[in-house]
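All residue numbers for the sequence shown refer to UniProt numbering, where the first residue is 1 and numbers rise by one.
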Amino acid sequence: MLTCCPTLQSYSLPYKYLISPVFSLISILFFFSRLLTLHCLISILSFVRFSRTKLMAIFLCFLFLIISSATACDRCVHQSKVAYFSKASALSSGACGYGSTAIGFNSGYLAGGVSSLYKDGAGCGACFQIRCKNAALCSSKGTRVILTDLNHNNRTDFVLSSRAFTAMAKKGMGLDVLRLGIVDVEYKRVPCEYKNQNLAVRVEESSKNPNYLAIKLLYQGGQTEVVAIDFAKVGSSNWGFMSRNHGAVWDSDRVPAGALQFRFVITAGFDGKWIWAQNVLPENWKPGMTYDAGVQITDIAQEGCSPCDDGNWK
């Protein structure tokens with residue numbers, strides 16, 4: 001009896017990956033396709049005689065390989081519409097929980113995204129390049145924004161800050177674009193870049209040292225999501241896990257006393273990866289303070305589309 005991929009049980013996604021909204025059905029398919037292809041072929045070719053069942057198995061293995069390679073893209077271009085925030089106060093009350101610090105992100109070029117982009121908070125801090133399709137009014141470069149809020153209106157994929165909205169325009173055309181209110185756009189996710197800036201951990205005001213700790217990540221680079229966070233006392237291998245409270249805020253009520261280290265689980269390509277920050281919070285960490293994680297994220301989580309976007313918008 002043919003057993004395809006006999007060693008597949010040695011590969012497993014952590015439970016936290018499976019419950020994370022980041023790992024959509026298509027992402028899981030891509031993950032397993034890479035594992036399945038090689039092991040399937042080894043298993044099948046170890047048999048001399050080929051039955052109809054074995055030939056079908058070979059076909060399925062190659063199909064997995066084709067799907068994985070043909071649809072793997074660093075970025076995909078999406079078509080939609082965008083509007084803009086009518087009130088500046090909306091920038092500091094976003095669902096991600098960044099509060100007033102959001103206004104300082106990316107010089108105020110901010111956005112709220114629909115649920116498929118917000119991803120129950122996993123999309124908070126993601127960067128996108130957006131350009132409108134009105135060639136008479138808009139530049140071909142567009143503008144870059146950071147996602148800080150959830151857009152509840154499904155008429156548009158994004159709601160932008162007025163500064164970001166007008167930045168899509170050609171020189172001198174900002175007010176003309178603003179008068180349109182809603183414009184047709186194309187957009188793509190791009191890496192977030194913070195030059196000479198590490199990932200930072202901000203301790204929320206609700207935290208109480210020791211025991212209860214709530215944090216959010218600031219200046220998160222790369223083009224991926226943090227899907228899980230573990231913590232441990234520095235020097236200890238006894239790891240606990242945090243849960244996403246809301247938006248970009250993670251918390252736990254079982255935090256040990258002392259200096260703390262963290263492990264962040266991200267998506268790299270189609271696979272999971274640990275980012276280990278070995279000494280982040282001091283023993284006397286305080287609510288309201290921001291601490292340097294000593295690491296930065298540069299990985300890219302691949303998407304599935306055809307064709308891929310390989311060009312720079314200039």
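The beta carbon of each residue, even a glycine, is placed where N, CA and C say it ideally should be. None of the values given here were measured: they were computed from a predicted structure.
Shown here for I103: same chain residues with a beta carbon closer than 7 Å to its own, the five before and five after excluded, namely L91, S92 in chain order.
Under the Cβ criterion (8 Å, minimum of three pairs), the region 255 to 267 does not count as touching the region 179 to 196.
The Cβ-Cβ distance between S161 and P287 does not fall below 8 Å.
The residues V82, G142, T143, V145, F158, M168, V185, Y187, in chain order, have a CB closer than 7 Å to that of I130 in the same chain once the five nearest residues on each side in sequence are set aside. DSSP places V227 in the uninterrupted beta strand (DSSP E) bounded by 226 to 233. DSSP lists A214, S243 as the beta-bridge partner residues of D251. Closest option to F270, judged by alpha-carbon separation, among I215, W285, G304: G304. Under DSSP, V77 forms no beta bridge with any residue. In this structure K314 is exposed. Its beta-carbon is surrounded by fewer than 16 other beta-carbon atoms within 10 angstroms. For L150, the pairing in a beta bridge is given by DSSP as G113. For the pair M289 and P282, the Cα-to-Cα distance works out to about 11 Å. Ranked by how close their Cα comes to the Cα of G240, the residues C76, I229, W285 have I229 in first place. If you draw a straight line from the Cα of S306 to the Cα of V77, it is about 9 Å long. By the CB criterion at 8 Å, C127 and T148 fall outside the cutoff. Between I215 and V201, the C-beta gap is smaller than 8 Å, which places the two residues in contact. Looking at the backbone, the Cα of D251 and that of S139 are separated by about 42 Å.
DSSP, read as helix, strand or coil, puts V295 in coil.
Beta-bridge pairing by DSSP links I182 to no other residue. Residue pairing by DSSP places I266 opposite V226, K273 in a beta bridge.
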